[in-house]
Amino acid sequence: MAKQVVPEAARRRRRPTKQGTVLSEKLIVQTALRMLREHGSAGLTARRLGAVLGADPSTLYRYFAGLDDLTRAIGEELMGRVLDTWKATGEWRSDLRALGQAIHASYLAHPQAAVLTASRVTGRPREIAVDETILGILRTAGFPDPDAVVVYHAFIDLTLAFAALDAGSLALTDEARAADEEMWNSTYAELPADTHPHIAATARLLAGRMTHSAYPVVLDTLLNSAAEQLVWARARRYPHTASTQKP
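Just so you know, the sequence shown maps onto residues 14 to 260 in our numbering.
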């Protein structure tokens, strides 16, 4: 089913679809995002996508080698959108925190698509631009290349893991999500102290926290650890001045 993708200039339709629109890769991705939001991954097929676009399904293969290629393009779109609004300040911790929160928010805005794409590596230009930005922040801050790669790896995997986890909850039906969240009050809060003393002691606190994402807390933990790592890196490079420098 997969075919060789036609070059950009050659694959443009010369006439509108039945609905009067001119197909483009961007339009197809945006339409696929809408279909995922409305119907989930099971509802995204070439036939249905073609019907929504008013085009023969075979036309889609002029833009994408197959549905897996389209999935990568959707992932790139979610990742790449963060650079449309994110602005660097020059302070590496603030910049990484803001960038991580922007990536997380971009995926959560499309939970069905996030579940489908968060674990994928697209190799596409906008995703590459985000990776280049992250590594640039770290190397400019003074992280040696081996340390920069370790922090980059932890940062991007942490962000996408929480994006997938939190999107998975949002992708549930309202009833299922409400039932899961209520479990902290209906079940955990009712456990007796004689059999579950630690849960009983913290039940109220658990109910208040466990329905929210832990990503901001864990992100700050990672950045604090990276800051300490940077101090040690500076100490190795400039042993007489590192003690006076801020992470």
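Don't be surprised by glycine CBs; every beta carbon is placed ideally from N, CA and C. Since the structure is predicted, the reported quantities are computational estimates derived from the model, not experimental observations.
Assignment of W99 by DSSP, reduced to helix, strand and coil, places it in the coil class. The C-alpha of R217 lies about 53 Å from the C-alpha of G67. D170 has its alpha-carbon roughly 17 Å from the corresponding atom of P159. Here S238 is exposed: its Cβ has fewer than 16 other Cβ atoms, across all protein chains shown, within 10 Å. Annotation: the continuous alpha helix (DSSP H) that includes F175 extends over 158-183. If you check the CB distance, V143 and L96 come in under 8 Å. Annotation: Q43 to G63 spans about 13 Å, alpha carbon to alpha carbon. The C-alpha of L151 lies about 19 Å from the C-alpha of R139. Restricting attention to A127, A131, A180, H166, the CA atom closest to the CA of A227 is found in A180. Straight-line spacing of the CA atoms in I212 and A202 works out to 8 Å.
In this structure, G113 keeps its C-beta atom at 8 Å or more from the C-beta atom of A246. Approximately 7 Å separates the beta-carbon atoms of A176 and I116; this is inside 8 Å, confirming the contact. Every alpha helix (DSSP H) of 4 residues or more that sits fully in the stretch 182-237 is shown, in chain order, as 187-199, 210-222. Around the C-beta of A131, 16 or more other C-beta atoms lie within 10 Å, and the residue is accordingly described as buried. Residue state for R137 is assigned as coil, using DSSP reduced to three classes.
Within the same chain, L151, A239 come within 6 Å of V164 by CB-CB distance, once the 5 residues on both sides are set aside. V35 carries a coil assignment under DSSP once its states are collapsed to helix, strand and coil. Here the alpha carbons of L235 and Y74 stand approximately 42 Å from one another.
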